[in-house]
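This report concerns only the one structure given below.
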Amino acid sequence: MSADTDLPLWTPSEERVARTAVVAFIRTVNQRHGTALASYRDLHAWSIAEPAAFWEAVWELGEVIGERSGPALVDGGRMPGAAFFPQARLNYAENLLRPRDPASLAMVFRGEDKVERHVSFGELTTLVSRLQQAMKAAGVGIGDRVAATMPNLPETIAIMLAATSLGAIFSSCSPDFGERGILDRFSQIAPKLYFACDGYWYSGKRVGIGDKLRAVVPHLDSAVTTVIVPYLGEAEEVAGTLPNGASLDSFIAPFESAPLTFERVPFNHPVFILFSSGTTGVPKCIVHGGGGTLLQHIKEHRLQCDLHPGDRLFYFTTCGWMMWNWLVTGLASGLTLCLFDGSPFAPKPSVLFDYAEQEGFALFGTSAKYIDSLRKEGLRPVNTHDLSKLKALTSTGSPLAPADFAYVYEAIKSDLHLASISGGTDIVSCFVLGDPTAPVYRGEIQAPGLGMAIEVWSDDGKPVVGERGELVCTRPFPCMPVMFWNDPEGTKYHAAYFERFDNIWCHGDFAEWTAHGGIIIHGRSDATLNPQGVRIGTAEIYAQAEQVPEILEAIAIGQEWDNDVRVVLFVRLKAGAALDVELEKRIKTQIRVGASPRHVPAKIVAVTDIPRTRSGKITELAVREVVHGRPVKNTEALANPEALDLYRNLPELAS
1 MSADTDLPLW TPSEERVART AVVAFIRTVN QRHGTALASY RDLHAWSIAE
51 PAAFWEAVWE LGEVIGERSG PALVDGGRMP GAAFFPQARL NYAENLLRPR
101 DPASLAMVFR GEDKVERHVS FGELTTLVSR LQQAMKAAGV GIGDRVAATM
151 PNLPETIAIM LAATSLGAIF SSCSPDFGER GILDRFSQIA PKLYFACDGY
201 WYSGKRVGIG DKLRAVVPHL DSAVTTVIVP YLGEAEEVAG TLPNGASLDS
251 FIAPFESAPL TFERVPFNHP VFILFSSGTT GVPKCIVHGG GGTLLQHIKE
301 HRLQCDLHPG DRLFYFTTCG WMMWNWLVTG LASGLTLCLF DGSPFAPKPS
351 VLFDYAEQEG FALFGTSAKY IDSLRKEGLR PVNTHDLSKL KALTSTGSPL
401 APADFAYVYE AIKSDLHLAS ISGGTDIVSC FVLGDPTAPV YRGEIQAPGL
451 GMAIEVWSDD GKPVVGERGE LVCTRPFPCM PVMFWNDPEG TKYHAAYFER
501 FDNIWCHGDF AEWTAHGGII IHGRSDATLN PQGVRIGTAE IYAQAEQVPE
551 ILEAIAIGQE WDNDVRVVLF VRLKAGAALD VELEKRIKTQ IRVGASPRHV
601 PAKIVAVTDI PRTRSGKITE LAVREVVHGR PVKNTEALAN PEALDLYRNL
651 PELAS
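The numbers in UniProt numbering rise by one with no breaks, and the one at position 626 of the sequence shown is 626.
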């Protein structure tokens, strides 16, 4: 490791560390259990050794509302099969709508520069109450599904809270999904109620979805009503053209605000159905439980992100990404949610930092791709915005490149907890993420999450340090999926996580422990490259290639060639740049010097677009299939499926 990467980019002051919730939590654990924990790493080791005591302490930290009796963990050596708080009962929505000053601010919403709203806690509970009564009247009860194709609006959160307050299961996707993408998801779960918007704004343009809904709704015949939420002012018109359609106003009109009621259910009764975003078939329906989701998010918000009641939490996310679920649970910790819908660059590149300054974000959550785009745009909020209230910036969706770590401290804020985080839809949370008491090193995720028994294993199932391997979790945790929908024997569930190593969660990430005890994610293990039998993470190549000024972004695959695999790098270039011999040489040199000779691509090809999932992740597997002339089964998972055509039958790859 070079000297510059061995020095931290940021170290929290002693005063800052002393004020963290982690230090206070350690003090509580020591007093209660007679331990002598002195650091986050001590706390992590204890949380793995004593999982029942740890998760009980998180329950108490979050002042979880519910009935807790019996053991905190049964069958703690089984994955799957362990049961956390098997005798407890709670309601997820009740914990998010815990008593609070009705005048306090629950949410702020911005839809680009078109809409701005502040929603008090009293206004939120009034809307949830009316929705709850309307859903009850429509026959929604325990275990029923409520689905929504919605922007990241306050109404979307209210719909979710009303549904889950009744013991129903909520599922959502964003309105930019195509007809097939919506039906591939929701037709599998047969919702009793279906909510959708009349349209949305993106890059300053009105995008109505009435035509799409008229194609979708007749195929969701399980829904007794389709409720249209106004955003473009066309809800009544759109609802009138749909079978059993109603506008939101007419749906809740018969009901006045009344005290909320909450159906308490077993600890891990299903609360959310999320969907895999892969391109290998119809999306998997991943079912998450209310108690596990709640405890995990409380832990991550309070301990890993050091957020406190009254802080403002922002995450740039759509309702089709698990970070939306992560964001909304912030209400359980008394946080004010800052919502945004639309393009993060509309009406100008600084729009999210304008929002951060004006509303005083404590945490700014976003994707690695967004940070990289800011760097390439040359934006320097450190010179233009007052971000004095901003304590933390989190990045996920893909590995954050080392150059972007440096950019955050140079161009956004120097005194900032930058936490690259990684987990996913499968656990509706994180395996590895921030430690607010520790230094931040370039290119590294700081720490394993508390209560998460993370290791990196070699192909033969041995723990390794300083070597690349599979990211695994060796002990149960409460936010494991309850099940997959329509998988009664658990066959698909077992195959997804436990087929590789018995009784061990194999997450599908290619990872490496660092000398600082941090983690580097080198990309998805199913997308790793194997030239001459050596495993190479794609993220390692991107980190170098995207330092070349002419490259906007890149995607790498392994092409089967001459009884081996050769690395092919596709690059999207800045306007006016051309992939000539000189540029190709510079790209290869950068990769050779910054990574290794084995990382150097055999072929470099310029393309005008790179396919992405709707949550913004580039899709190496889909590109690999197209290059090899194989079909991509679920193009509806892609935001820009037409980009795949750029990779078909390329003459550059025929020799």
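Here a beta-carbon is modelled for each residue, glycine too, at the ideal position from N, C-alpha and C.
Let's see if you can read the secondary structure: which residues bound the beta strand (DSSP E) around MET107?
For MET107, the enclosing beta strand (DSSP E) stretches over residues 105 to 111.
Mind pulling the alpha helix (DSSP H) runs of 4 or more residues that sit fully within the region 150 to 238?
Segments of the alpha helix (DSSP H) lying fully in the region 150 to 238: 154 to 165, 179 to 189, 210 to 216.
Going straight from the alpha carbon of GLN87 to that of GLY70, what length do you get?
Distance between the alpha carbons of GLN87 and GLY70 is about 6 angstroms.
Could you check what DSSP says for MET79 in three-state terms: helix, strand or coil?
DSSP places MET79 in the coil class of the three-state scheme, outside both helix and strand.
Judging by CA-CA distance, which residue of CYS197, ILE182, ALA57 is the nearest neighbour of PRO218?
ILE182
In whole angstroms, what is the alpha-carbon distance linking TRP201 and LEU153?
12 angstroms
If you run the structure through DSSP and keep just helix, strand and coil, what is GLU652?
helix
Can you find the residues in the same chain that come closer than 8 angstroms, C-beta to C-beta, to VAL128, ignoring five residues on each side of it along the sequence?
Within the same chain, VAL128 has close Cβ partners ALA93, LEU97, ALA158, LEU161, ALA162, SER165, LEU260.
Measure the C-alpha to C-alpha separation of ALA3 and GLU512 and round it to an integer number of angstroms.
Note that ALA3 has pLDDT 38, beneath the 50 cutoff, so the model's placement of it is unreliable and no number is given.
If you draw a straight line from the alpha carbon of THR619 to that of ASN530, how long is it in whole angstroms?
17 angstroms
With a Cβ-Cβ cutoff of 8 angstroms, do PHE275 and CYS285 count as a contact?
yes
Since ASP198 and ALA235 are thought to touch, with beta carbons under 8 angstroms apart, how far apart are those beta carbons, to the nearest angstrom?
5 angstroms
Between LEU400, SER615, PRO436, PRO631, which has its C-alpha nearest TYR542's C-alpha?
LEU400
If you draw a straight line from the alpha carbon of GLY523 to that of PHE170, how long is it in whole angstroms?
30 angstroms
I'd like to know if the region 346 to 356 and the region 201 to 213 are in contact, where contact means that at least 3 CB-CB pairs between them fall below 8 angstroms.
yes
Determine the direct distance from the alpha carbon of HIS44 to that of LEU450, and round the result to whole angstroms.
5 angstroms
Under DSSP, the beta strand (DSSP E) around LEU313 begins and ends at which residues?
Where LEU313 is concerned, the enclosing beta strand (DSSP E) stretches over 312 to 315.
Express the C-alpha separation of SER655 and LEU294 in angstroms, rounding to a whole number.
When rounded, the distance between both Cα atoms is 54 angstroms.
Going straight from the alpha carbon of GLY360 to that of GLU489, what length do you get?
Rounded to the nearest whole angstrom, the C-alpha separation of GLY360 and GLU489 is 48 angstroms.
In the DSSP output, what is TRP561 paired with across the bridge?
ASP564
How would you label TYR355, buried or exposed, when you count the other beta carbons within 10 angstroms and need 16 or more for buried?
buried
Taking Cβ to Cβ, would you say PRO191 is nearer than 8 angstroms to MET150?
No. Outside cutoff.
If you reduce the DSSP assignment to three classes, tell me which class GLY143 lands in.
coil
Which residue's Cα is closest to the Cα of ILE604: LEU653, PHE255, GLU377, ILE412?
LEU653
So the beta strand (DSSP E) ARG524 belongs to, where does it begin and stop?
That run of the beta strand (DSSP E) goes 519 to 524.
Starting from GLY424, trace the beta strand (DSSP E) both ways and give me its first and last residue.
Residue range 422 to 424 is occupied by the beta strand (DSSP E) that includes GLY424.
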